[in-house]
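A.B. asks: Take this structure, written in structure tokens, and hold onto it; I'll ask about it next.
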Amino acid sequence: GAVVSQHPSRVICKSGTSVKIECRSLDFQATTMFWYRQFPKQSLMLMATSNEGSKATYEQGVEKDKFLINHASLTLSTLTVTSAHPEDSSFYICSARPTGGDGYTFGSGTRLTVV
Amino acid sequence: RKEVEQDPGPFNVPEGATVAFNCTYSNSASQSFFWYRQDCRKEPKLLMSVYSSGNEDGRFTAQLNRASQYISLLIRDSKLSDSATYLCVVFEAGSYQLTFGKGTKLSVIP
């Protein structure tokens, strides 16, 4: 079945630094990938839709200059949390939808802790 | 604003019990519906799709009522391994986006 690899699974960083999270589809091409954030005891909230070769579409309230998304190939999307603050600490998950296909596959998530 | 509302839970049930989860969605144009399962600190995994005619997969039965914008999940003969958070998820065809409910936590007790 379709597999999405997400790295790192866990990261601790200092306030003010930047963190890059990678989401890679291993055995399929994904024109569109999605980035979610999940705070404790909350549901997954869509942050942005990442489209290969074009600018990402951000949900209302998500700062595009803070959460930089790059989808340079059909198998890789990256999310960079810039100038991270403790309130950015969360569980970030990507999902990918096969080009021309159905279904969504989720990455294993990245737990970010900003200290 | 697109909303997906679920029973708040938590549900604590003994092994062997039958438990039902409910979910309502606000966007009448929603196209597809799913139940996902999420274990603690893990990514969500698809449990089953929900079809208008209702569908069953082993001990799990899902129902959809489009007129009432209501989805349900029934788990029969609960197992300890069923303990997880169950997420009601709605798919918006135009945007290819998934909207998640907050989830209902189930604990199956020996």
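Residue numbers (this note's numbering), protein chains in the order written: chain A, 9 to 123; chain B, -10 to 99.
Each residue gets a CB set at the ideal place from its N, CA and C atoms; glycine is no exception.
Taking DSSP as the reference, what is the three-state secondary structure of Leu(-1) of chain B?
C.D. replies: Reading the sequence as shown, one finds Pro at residue -1 of chain B and not Leu. Correct three-state label for Pro(-1) of chain B: coil.
A.B. asks: Look at the alpha carbon of Glu67 of chain A and the alpha carbon of His15 of chain A, and state the distance between them as a whole number of angstroms.
C.D. replies: Distance between the alpha carbons of Glu67 of chain A and His15 of chain A is about 23 Å.
A.B. asks: So Ala6 of chain B is in the beta strand (DSSP E); what residue range does that whole segment cover?
C.D. replies: Element bounds for Ala6 of chain B: n/a, residue is neither H nor E.
A.B. asks: Which residues in chain A sit within 7 Å of Phe89 of chain B, going by Cβ to Cβ distance?
C.D. replies: Per Cβ cutoff of 7 Å: Ser51 and Leu52.
A.B. asks: Which bits of chain A does Leu53 of chain B rub up against, with CB to CB less than 8 Å?
C.D. replies: Under the 8 Å cutoff, chain A gives no residues; its nearest Cβ is about 17 Å from Leu53 of chain B.
A.B. asks: For the beta strand (DSSP E) holding Ser42 of chain B, just list the boundary residues, first then last.
C.D. replies: Premise fails: Ser42 of chain B is in no beta strand (DSSP E) and is neither H nor E.
A.B. asks: Since Gln58 of chain B meets chain A, which of its residues come closer than 7 Å, beta carbon to beta carbon?
C.D. replies: Those within 7 Å of Gln58 of chain B in chain A number zero; the least Cβ separation is about 18 Å.
A.B. asks: Would you tell me roughly how many angstroms separate the C-alpha atoms of Ser41 of chain B and Cys21 of chain A, rounded to the nearest one?
C.D. replies: Taking the straight line joining both Cα atoms gives about 46 Å.
A.B. asks: What residues from the region 20 to 37 of chain B come within 8 Å of chain A, judged by C-beta to C-beta, listed N to C?
C.D. replies: Against chain A - using a Cβ distance shorter than 8 Å - the residues of the region 20 to 37 of chain B are Arg30, Lys31, Glu32, Pro33, Lys34 and Leu35.
A.B. asks: Since Ile101 of chain A meets chain B, which of its residues come closer than 8 Å, beta carbon to beta carbon?
C.D. replies: Residues of chain B passing the Cβ test: Glu32 and Pro33.
A.B. asks: Using three-state DSSP, classify Asp46 of chain B as helix, strand or coil.
C.D. replies: In this structure, Asp46 of chain B counts as strand in the three-state DSSP scheme.
A.B. asks: The beta strand (DSSP E) with Thr88 of chain A in it runs from where to where?
C.D. replies: From DSSP, the beta strand (DSSP E) with Thr88 of chain A extends over Leu84 to Val89.
A.B. asks: For Lys68 of chain B, I'd like the list of residues in its chain whose CB is within less than 7 Å of its CB, leaving aside the five on either flank, ordered along the chain.
C.D. replies: Here the set comprises Glu4 and Val97.
A.B. asks: For Leu53 of chain B versus Gly43 of chain B, is the C-beta spacing smaller than 9 Å?
C.D. replies: The answer is yes: Cβ separation under 9 Å.
A.B. asks: Cβ of Tyr14 of chain B within 9 Å of Cβ of Glu(-6) of chain B?
C.D. replies: Contact flag set, yes.
A.B. asks: Using Cβ-Cβ distances below 7 Å, what residues of the region 71 to 86 of chain B are close to chain A?
C.D. replies: Residues passing the 7 Å Cβ filter: Leu76, Tyr85 and Gln86.
A.B. asks: For chain A, is any of its Cβ atoms less than 9 Å away from the one on Val39 of chain B?
C.D. replies: No, Val39 of chain B does not count as interfacial toward chain A.
A.B. asks: Taking Thr39 of chain A and Thr107 of chain A to be in contact with their CB atoms under 8 Å, please state how far apart those CB atoms are, rounded to whole angstroms.
C.D. replies: At roughly 4 Å, the Cβ-Cβ gap stays under 8 Å, so Thr39 of chain A and Thr107 of chain A are in contact.
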